[in-house]
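Notes for the one structure printed next.
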Amino acid sequence: MYVRFWGTRGSIPAPLDAEAVREKIVHALMEARGKHLRSEAQIKEFVNEKLTFHQSGTYGGNTPCVELEGNANESVLCDGGSGMREFGSKFFGRPEAKQAHVFHVFMSHFHYDHLQGIPFFGPGYVPMNKIVFHGCHDDLENALRNQMQSPYFPVTFDEMKADISFEIHKPGDILEVAGYKVLTVEQDHPGRSYGYRFERDGKSVVYSTDAEHRAHHHRKKYPFIDFIRNADLLIFDAPYSFNQAGGAKEDWGHSSNITGVDFASRAQVKHITIFHHDPAASDKQLAGFLRETKNFLHRRKNTSMPRKKDKDDKEVVELDESFPEEISLSYDGLIIEL
Ligand SMILES: [Zn+2]
Ligand SMILES: [Zn+2]
């Protein structure tokens, strides 16, 4: 099974500007000084092997859209942020685009960054295709229709000629979609959001974005830990540091990298990937954020002690803690094979 990230930025698209690109070029040329770089092959090898990811690439600026491997005639997407436009364009180049195709789109919620790619989703305008929007908000259909009303957009929802339907689920529901068993959970976010757990062929992926986990959830038994337990991949909303999440940005509806590592450890998650990046963060800052997250895990491993009863409420918290084998920072274009 593969998971492909088409958009990983939170809140609003954040493209690179000219100054940021120039800075990368200057960095690369500085690093190249004194190296024997004559042929194109030598230069490519230098770029691929000697430059760091943030020097030679970018985490990207599209808002959330994640693809889970589907079938010959079915695709599975999480959210319809601006990355969905990119997915739709590339889909036309795939062999399966020649036949009728069903797109299952699981909506976390309706903040702009999670639906602004839908009006630009090319396959949605092809009559033989079908789109099934899945969500747990009662106003799923209206929320998606209304963003394409005049004066906000020149094309109406009805002009998307694919067969479009809406399936409203309840948190706690277990679904069968495109060969996946899908579980749903309600999350703490302004207007509520929903997370999804996908299981197929013995592998599991949790898509959990725009979810605030409070400080006391680190101590108490917390149902979300059961929702993510033993996941092979946890896609975790963490635009903030621990201090930001519990301080100036408390109640903004998002979580921290430290919370992600803590929960992944408690739930025996194998790989956690940080998601929904701060649109104000540069590639260099995001690389630093990943480094800090890994350092936290390293320190945690070296000081790990079995957890005991919580003194305040006498609840027993999980005693067996393991650590994620991998921490990554998702980026537009990243493919994770499970
Ligand atoms: Zn968001
Ligand atoms: Zn949101």
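Going by the working numbering, the sequence shown opens with residue 2, and the numbers climb by one from there. Glycine residues also receive a C-beta, built at the ideal position from the N, C-alpha and C atoms. None of these values were measured; they are calculated from a predicted model.
Exposure label - residue i; buried when at least 16 CB within 10 Å
i    : result
I336 : exposed
L320 : Legend: pLDDT at L320 = 48, less than 50; position of this residue unreliable, value from coordinates given subsequently. Exposed, since its Cβ has fewer than 16 Cβ neighbours within 10 Å.
G203 : exposed
Q150 : exposed
Y3   : exposed
D284 : buried
N130 : buried
G94  : exposed
I26  : exposed
G258 : Note on identity: in this sequence residue 258 is Asn, with Gly being the wrong assignment. When all chains shown are included, N258 counts as buried.
Y223 : buried
R207 : At residue 207 the sequence reads Val, which differs from the Arg that was named. With 16 or more Cβ atoms within 10 Å of its Cβ, V207 is classed as buried.
T304 : exposed
H55  : buried
Cβ-heavy atom distance, residue i to ligand 1, below 7 angstroms
i    : result
G11  : yes
T210 : yes
D252 : no
H219 : no
H115 : yes
Same chain, Cβ closer than 7 angstroms to residue i, neighbours up to 5 away in sequence not counted
i    : result
T185 : C137, H170, P172, G173, D174, Y195 and Y197
H278 : T9, R10, G11, Y60, P240 and L287
S90  : G123
F47  : A33, K36 and L38
A15  : G62 and P280
G180 : N72 and R201
G247 : A216
Cutoff 8 angstroms; reference residue i; Cβ partners in own chain excluding five residues on either side
i    : result
G254 : D189, H190, P191, S194, D211, A212 and E213
P65  : G8, T9, R10, G11, C79, D80, G82, G84, S109, D114, H115, T210, F276 and H277
T53  : A288
S323 : S266 and Q269
H219 : T260 and D263
S166 : K131, I132, V133 and F134
Heavy atom of ligand 2 within 7 angstroms of residue i beta-carbon
i    : result
H190 : yes
S194 : yes
H278 : no
F110 : Position check: residue 110 holds His in this sequence, whereas Phe was assumed. Yes, since a heavy atom of ligand 2 falls inside the 7 angstroms radius drawn around the Cβ of H110.
DSSP beta-bridge partners of residue i
i    : result
C66  : G8
R1   : Not covered by the structure: residue 1. The range shown for the chain is 2 to 339.
I132 : F104 and I165
T53  : Answer is none; T53 lacks a bridge partner.
T260 : Per DSSP, none; premise fails for T260.
T274 : I236 and S329
Other residues of its chain near residue i: CB distance less than 6 angstroms, five sequence neighbours each side excluded
i    : result
N231 : Q269
T157 : M149
I273 : L235, F237, G261, A265, P325 and I328
S331 : F6, T9, T274 and F276
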